[in-house]
Amino acid sequence: MIRVKLVRVVHPVSCLGLEIACWIALFKGSRCLLSGDHLQLPPTIRSVEAEKKGLGNTLFKRLAELYGDDVMSMLTVQYSMHELIMTWSSKELYNNKVLRSLLLPLNLLFFS
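Heads up, the sequence shown stops at 112 in full-length UniProt numbering, and the numbers go up one at a time, no gaps.
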């Protein structure tokens with residue numbers, strides 16, 4: 001059996017992975033970086049019973065609720081969303097902290 005010890009574990013989109021699944025990789029490293037957005041799509045849970053028992057929680061969300069800004073950094077520039085949509089989500093979810101990139105055109109909802 002090969003044993004691997006990692007220095008750093010990077011878990012992209014960790015807000016979509018179940019907490020229990022994150023721990024599998026985290027036990028292999030001494031430091032970790034979780035990325036994602038706990039205010040967006042949650043993980044998909046097929047069992048109502050499992051979700052009721054807390055298995056639908058993500059490590060990302062739990063750490064955000066426990067430690068907040070002490071362990072999190074927020075990206076505040078939106079590069080891909082139309083300004084009308086971005087303004088709504090910034091207001092409703094992020095206390096108006098998300099701003100439109102000046103590189104985006106103002107009037108297009110799609111690029112042709």
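No residue lacks a Cβ here, since even glycine has one placed at the ideal position from N, Cα and C.
What alpha helix (DSSP H) runs, 4 residues minimum, are completely inside the segment 61-99? The alpha helix (DSSP H) runs lying completely inside the segment 61-99 and spanning 4 residues or more are 83-94, given in chain order.
Assuming Cys-32 contacts Arg-8 under a Cβ cut-off of 8 Å, what Cβ separation, rounded to an integer in Å, is found between them? Taking the first residue of the sequence shown as position 1, residue 32 is located at position 32. Taking the first residue of the sequence shown as position 1, residue 8 is located at position 8. For Cys-32 against Arg-8, the beta-carbon gap comes to about 7 Å, under 8 Å, which counts as contact.
Please state the DSSP three-state secondary structure of Cys-22. If you number the sequence shown from 1, residue 22 lands on position 22. Here Cys-22 sits in helix by DSSP.
Quick check: the segment 50-62 against the segment 22-38, are at least 3 beta-carbon pairs closer than 8 Å? With the rule of 3 Cβ pairs closer than 8 Å, the segment 22-38 counts as touching the segment 50-62.
Please report the straight-line C-alpha distance between Tyr-67 and Leu-75, rounded to a whole angstrom. Here residue 67 refers to the residue found at position 67 of the sequence shown. Here residue 75 refers to the residue found at position 75 of the sequence shown. Going from the Cα of Tyr-67 to the Cα of Leu-75 covers about 17 Å.
For the alpha helix (DSSP H) containing Val-48, name the first residue and the last one. As a working mapping, residue 48 is identified with position 48 in the sequence shown. Val-48 -> alpha helix (DSSP H) spans 48-52.
What does DSSP give as the partner residue(s) for Val-9 in the beta ladder? Walking along the sequence shown from the start, residue 9 turns up at place 9. In DSSP, Val-9 forms a bridge with Cys-32.
Do you know whose CA, among Asp-70, Leu-104, Asn-95, lies nearest Met-81's CA? For this step, residue 81 is matched to residue 81 along the sequence shown. Checking every option, the nearest Cα to that of Met-81 belongs to Leu-104.
Here's the rule I'm using: 16 or more other beta-carbon atoms within 10 Å means buried, otherwise exposed. How should Met-86 be labelled? For the purposes of this step, residue 86 is taken as the residue at position 86 of the sequence shown. Under a 10 Å Cβ-count criterion, Met-86 is classified as buried, with 16 or more other Cβ atoms of the shown protein chains found around its own Cβ.
Could you compute how far the alpha carbon of Pro-42 sits from the alpha carbon of Gly-56? Here residue 42 refers to the residue found at position 42 when the sequence shown is read from its first residue. Here residue 56 refers to the residue found at position 56 when the sequence shown is read from its first residue. Computed Cα separation, rounded: 8 Å.
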